[in-house]
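Contents: one structure, followed by commentary.
Number of protein chains: 4
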Amino acid sequence: MPMRNATAAVIGAGDYIGAEIVKKFAAEGFTVFAGRRNGEKLEPLVKEVEAAGGTIFGRSLDARKEEETTAFLNDADKHAPLEVCIFNVGANVNFPILETTDRVFRKVWEMACWAGFVAGREAARLMVPREAGNIFFTGATASLRGGSGFAAFAAAKFGLRAVAQAMARELGPKNIHVAHLIIDAGVDTAWVRERRAQIWGKEALNNPDLLMPPVSVANAYWQLYQQPKSAWTFEMEIRPFGEKW
Amino acid sequence: MPMRNATAAVIGAGDYIGAEIVKKFAAEGFTVFAGRRNGEKLEPLVKEVEAAGGTIFGRSLDARKEEETTAFLNDADKHAPLEVCIFNVGANVNFPILETTDRVFRKVWEMACWAGFVAGREAARLMVPREAGNIFFTGATASLRGGSGFAAFAAAKFGLRAVAQAMARELGPKNIHVAHLIIDAGVDTAWVRERRAQIWGKEALNNPDLLMPPVSVANAYWQLYQQPKSAWTFEMEIRPFGEKW
Amino acid sequence: MPMRNATAAVIGAGDYIGAEIVKKFAAEGFTVFAGRRNGEKLEPLVKEVEAAGGTIFGRSLDARKEEETTAFLNDADKHAPLEVCIFNVGANVNFPILETTDRVFRKVWEMACWAGFVAGREAARLMVPREAGNIFFTGATASLRGGSGFAAFAAAKFGLRAVAQAMARELGPKNIHVAHLIIDAGVDTAWVRERRAQIWGKEALNNPDLLMPPVSVANAYWQLYQQPKSAWTFEMEIRPFGEKW
Amino acid sequence: MPMRNATAAVIGAGDYIGAEIVKKFAAEGFTVFAGRRNGEKLEPLVKEVEAAGGTIFGRSLDARKEEETTAFLNDADKHAPLEVCIFNVGANVNFPILETTDRVFRKVWEMACWAGFVAGREAARLMVPREAGNIFFTGATASLRGGSGFAAFAAAKFGLRAVAQAMARELGPKNIHVAHLIIDAGVDTAWVRERRAQIWGKEALNNPDLLMPPVSVANAYWQLYQQPKSAWTFEMEIRPFGEKW
Numbered sequence: 350m351p352m353r354n355a356t357a358a359v360i361g362a363g364d365y366i367g368a369e370i371v372k373k374f375a376a377e378g379f380t381v382f383a384g385r386r387n388g389e390k391l392e393p394l395v396k397e398v399e400a401a402g403g404t405i406f407g408r409s410l411d412a413r414k415e416e417e418t419t420a421f422l423n424d425a426d427k428h429a430p431l432e433v434c435i436f437n438v439g440a441n442v443n444f445p446i447l448e449t450t451d452r453v454f455r456k457v458w459e460m461a462c463w464a465g466f467v468a469g470r471e472a473a474r475l476m477v478p479r480e481a482g483n484i485f486f487t488g489a490t491a492s493l494r495g496g497s498g499f500a501a502f503a504a505a506k507f508g509l510r511a512v513a514q515a516m517a518r519e520l521g522p523k524n525i526h527v528a529h530l531i532i533d534a535g536v537d538t539a540w541v542r543e544r545r546a547q548i549w550g551k552e553a554l555n556n557p558d559l560l561m562p563p564v565s566v567a568n569a570y571w572q573l574y575q576q577p578k579s580a581w582t583f584e585m586e587i588r589p590f591g592e593k594w
Numbered sequence: 350m351p352m353r354n355a356t357a358a359v360i361g362a363g364d365y366i367g368a369e370i371v372k373k374f375a376a377e378g379f380t381v382f383a384g385r386r387n388g389e390k391l392e393p394l395v396k397e398v399e400a401a402g403g404t405i406f407g408r409s410l411d412a413r414k415e416e417e418t419t420a421f422l423n424d425a426d427k428h429a430p431l432e433v434c435i436f437n438v439g440a441n442v443n444f445p446i447l448e449t450t451d452r453v454f455r456k457v458w459e460m461a462c463w464a465g466f467v468a469g470r471e472a473a474r475l476m477v478p479r480e481a482g483n484i485f486f487t488g489a490t491a492s493l494r495g496g497s498g499f500a501a502f503a504a505a506k507f508g509l510r511a512v513a514q515a516m517a518r519e520l521g522p523k524n525i526h527v528a529h530l531i532i533d534a535g536v537d538t539a540w541v542r543e544r545r546a547q548i549w550g551k552e553a554l555n556n557p558d559l560l561m562p563p564v565s566v567a568n569a570y571w572q573l574y575q576q577p578k579s580a581w582t583f584e585m586e587i588r589p590f591g592e593k594w
Numbered sequence: 350m351p352m353r354n355a356t357a358a359v360i361g362a363g364d365y366i367g368a369e370i371v372k373k374f375a376a377e378g379f380t381v382f383a384g385r386r387n388g389e390k391l392e393p394l395v396k397e398v399e400a401a402g403g404t405i406f407g408r409s410l411d412a413r414k415e416e417e418t419t420a421f422l423n424d425a426d427k428h429a430p431l432e433v434c435i436f437n438v439g440a441n442v443n444f445p446i447l448e449t450t451d452r453v454f455r456k457v458w459e460m461a462c463w464a465g466f467v468a469g470r471e472a473a474r475l476m477v478p479r480e481a482g483n484i485f486f487t488g489a490t491a492s493l494r495g496g497s498g499f500a501a502f503a504a505a506k507f508g509l510r511a512v513a514q515a516m517a518r519e520l521g522p523k524n525i526h527v528a529h530l531i532i533d534a535g536v537d538t539a540w541v542r543e544r545r546a547q548i549w550g551k552e553a554l555n556n557p558d559l560l561m562p563p564v565s566v567a568n569a570y571w572q573l574y575q576q577p578k579s580a581w582t583f584e585m586e587i588r589p590f591g592e593k594w
Numbered sequence: 350m351p352m353r354n355a356t357a358a359v360i361g362a363g364d365y366i367g368a369e370i371v372k373k374f375a376a377e378g379f380t381v382f383a384g385r386r387n388g389e390k391l392e393p394l395v396k397e398v399e400a401a402g403g404t405i406f407g408r409s410l411d412a413r414k415e416e417e418t419t420a421f422l423n424d425a426d427k428h429a430p431l432e433v434c435i436f437n438v439g440a441n442v443n444f445p446i447l448e449t450t451d452r453v454f455r456k457v458w459e460m461a462c463w464a465g466f467v468a469g470r471e472a473a474r475l476m477v478p479r480e481a482g483n484i485f486f487t488g489a490t491a492s493l494r495g496g497s498g499f500a501a502f503a504a505a506k507f508g509l510r511a512v513a514q515a516m517a518r519e520l521g522p523k524n525i526h527v528a529h530l531i532i533d534a535g536v537d538t539a540w541v542r543e544r545r546a547q548i549w550g551k552e553a554l555n556n557p558d559l560l561m562p563p564v565s566v567a568n569a570y571w572q573l574y575q576q577p578k579s580a581w582t583f584e585m586e587i588r589p590f591g592e593k594w
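Chains as they are written, first to last, in the numbering used here: chain A, 350 to 594; chain B, 350 to 594; chain C, 350 to 594; chain D, 350 to 594.
Here is the structure:
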């Protein structure tokens, strides 16, 4: 594996999508900084990456706290220039409007929108002087549609998309690729499997066409990374071939 | 003026759009509850409405504080059933991403998105048991487009739109009309005039085609109110005939 | 009924939506020119409008033939200045892609897109010199969404929306209000009732929340007509309160 | 170059984008069928591809004539299974609405929408029995926006997008990847260079940030081709980093 003098920071390095992004960029030679709450849960991922010859630093990170994000990205950048920052914190909830509490609405926004704004801005602060870099955000169906019961989640995801758009328009001409990847499907995680089994019964899980493997999200990010600056995509949607939309 | 046994609450009853909405619904016979920060500024509006034979209650209201909004709407509903709630708080700002501070991003969201969520939910709490009512939200160009420099404002306006969509989908079948009015233009206010004069020179203000009179916004809300439930509009965009879009 | 020195032309004056538009504008004092294929079918509508004191001219019109549309609108304009032109020709079909024949694809486009372009352009030709007028187009769910089986219908409706947008942007500054009304629901017609009964059973028709009465479409057009030029809507969507979207 | 037992058909193999797509898929080992009007103009491209070791068949093709498209694709499929069909016919024009003639409106639609429908359907006819294949369509800014003067072009491009959407929703579950690539920029062609020089002066052409190299479009198609079926993109937009949007 040829190593690069470049760092990729993954904020929201959870067990599924985040972990696959980490492995992909590590396998491509990036030093990866992986951050999540309860950083001790990163241990198996760190071991797996290192066993494969990659370089990785796992950190506890509460992305809602701006000083933690700033420190995380600054540390990453000190190791090697921060070339990629991927914001992948999720916070999917569903409540009827009258049961959507102040606490839930605010917390979901802090996790999925506010933390993304901070991550994007702090990454930009490091990249703008060099006029180079990539800032990617994970979106969802709820980035484009405020479905019944999704006031909190959609408000946060719409907001994150707005941040990404504004940054893309401002930073594109400065050679920083800002992109928003919309996952228009359920991703194959324990939580989604459980929820689908509750709604449709366990046999629903036998249909492989409707659950997106986390590694496919990582590969989509890799496509975005590879695009030349003469033809950048801002928004890319992905869904499994059997998905209704 | 025939009086109705119904209340209209206007949250964000500022000097321009808000004041015209207040006057329109008062002139149509609603008791109007008008809320804004620094409620003492409502005095001339209260006098004008009362001189015209209307019924109005002006209140100081910080819409970011949920208990204030709850009390405001409960008071309105005690006077006469709350039939209309219009959320009209604005917070337009423009900063490069690196100069968008944590404080600005959070404050704009609290004013333009969070406060709207609270207002909508609390109005719904009063309307759902009666299965009747109207909840309207003021949107802007930035509800649909995250322009360069608008990360904070667009994130809040995108988020408010998501709240409105989720509420419309859930509450429509309960006979509550939720709508989102997009003002895709500058409104004729002192602030907009000053800003345009700075950018394009004072002569730009002589073009009447490009500034929307606040009363036109009030009339658009009145159109939404008049729609029969068999043909509700969720999203309505308005712009002056000379606007580029 | 106060009569106006103004004509409204309705192209596609069918038994349901078109007929209601005709009656509404006639009731508001317009001379109405109503055109449809098989103009003899207009006889009951003509009698009804005249019995109510309105002025109406019913004509056979194949809107796919540009010279017929030109003559129709010129005749209308000779009677009194053409102030309103509403294009309301429908052509809803659904076929799997492999069964969508050349003939169907072309015919649906000629009816729903091409004929609309011709109607809009020819109305504009009469209105531009006066710098006044209204040109409205009937859209549908398929104006925004190319659903499975709707390649032909959606291609036509997407195309019509493009025509409307381009005209609105060019003609707005010339004081001509171009609008696109999206009916995001089934309209209560014999054809829709029959189709729904086939799909969901006859009891589905007992739910009044899901079928839009044609008169509601006419009223929505009347709202668009009444808007002041300082606050025009280009696109307005309407749906019944119980509709899923 | 490892050769594949697979054919890629490029309909609209013009001098710029089309030629680059042809070269890319030939270089990846596909047998390429390249069709355009005046097929003799394909000679240099054919020579270039063959000199590089590729396999190519250049054909005269008027894509508005369904029997020509059917024959072209059948021939391609006889050589080796048709795995990729890319519809890349352009027809950009700009006229004020009153100067948009019947002939122009119809011709642009036949080239950019009708021909695309036929190509997509005929490719699907070959691919559906095998439950495998890729059908890609080239879109433009005018696929999403009906700008002033673009009634004809946008009507066609909106329509093509509708066709692509309907096909994607129907054929995705049959393992056929249908995608719509939106080029939101001027592409670096002789025609665009000339037009820009007229509008902004020749020095505008010195800015490399605003013209998309045709090869970048080919590479974007290659990215779409490489996506696994668990994470397909339907719509992908590309623009140069300096583009305003």
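Ideal Cβ placement from N, Cα and C applies to all residues, glycine included.
In DSSP terms, what residue i is bridged to
{"i": "A:F590", "result": "A:F590 pairs with nothing; no bridge assigned."}
{"i": "C:S409", "result": "C:R385"}
{"i": "A:V359", "result": "A:A383 and A:I435"}
{"i": "C:G488", "result": "C:I531"}
{"i": "B:G496", "result": "Answer is none; B:G496 lacks a bridge partner."}
{"i": "B:H526", "result": "B:N483"}
{"i": "B:L560", "result": "B:G535"}
{"i": "D:W581", "result": "A:R588"}
{"i": "A:T404", "result": "A:T380"}
Buried or exposed by the 16-neighbour rule on C-beta atoms within 10 Å, applied to residue i
{"i": "C:Q547", "result": "exposed"}
{"i": "C:P351", "result": "exposed"}
{"i": "A:L447", "result": "exposed"}
{"i": "C:E392", "result": "exposed"}
{"i": "B:Q576", "result": "buried"}
{"i": "A:G402", "result": "exposed"}
{"i": "A:D451", "result": "exposed"}
{"i": "B:E552", "result": "exposed"}
{"i": "B:E592", "result": "buried"}
C-beta contact flag for residue i and residue j at 7 Å
{"i": "B:I435", "j": "B:I370", "result": "yes"}
{"i": "A:A500", "j": "B:A503", "result": "no"}
{"i": "A:M476", "j": "A:G482", "result": "yes"}
{"i": "D:D424", "j": "D:E417", "result": "no"}
{"i": "B:K523", "j": "B:E480", "result": "yes"}
{"i": "D:F454", "j": "C:F507", "result": "no"}
{"i": "A:G521", "j": "D:F444", "result": "no"}
Candidates the options, of which the one nearest residue i by Cα
{"i": "D:N568", "options": "D:F374, D:G363, D:M350 and D:N354", "result": "D:F374"}
{"i": "A:F486", "options": "A:N437, A:E416, A:L493 and A:V453", "result": "A:N437"}
{"i": "B:G361", "options": "B:P478, B:T404 and B:G488", "result": "B:G488"}
{"i": "A:M561", "options": "A:Q572, A:E586 and A:G407", "result": "A:E586"}
{"i": "C:I484", "options": "C:T490, C:K551 and C:R510", "result": "C:R510"}
{"i": "A:M460", "options": "A:A472, A:E471, A:T449 and A:N441", "result": "A:N441"}
{"i": "A:R588", "options": "D:E584, D:P589 and D:F590", "result": "D:E584"}
{"i": "B:R386", "options": "B:A464, B:V433 and B:N354", "result": "B:A464"}
{"i": "A:G407", "options": "A:L530, A:G367, A:D533 and A:R518", "result": "A:G367"}
Contact test: residue i Cβ vs the ligand MG heavy atom, cutoff 6 Å
{"i": "B:G508", "result": "As for the ligand MG, it is missing from this structure, which has no ligand bound."}
At least 3 beta-carbon pairs within less than 8 Å: the segment 538-545 of chain A vs the segment 489-500 of chain A:
no
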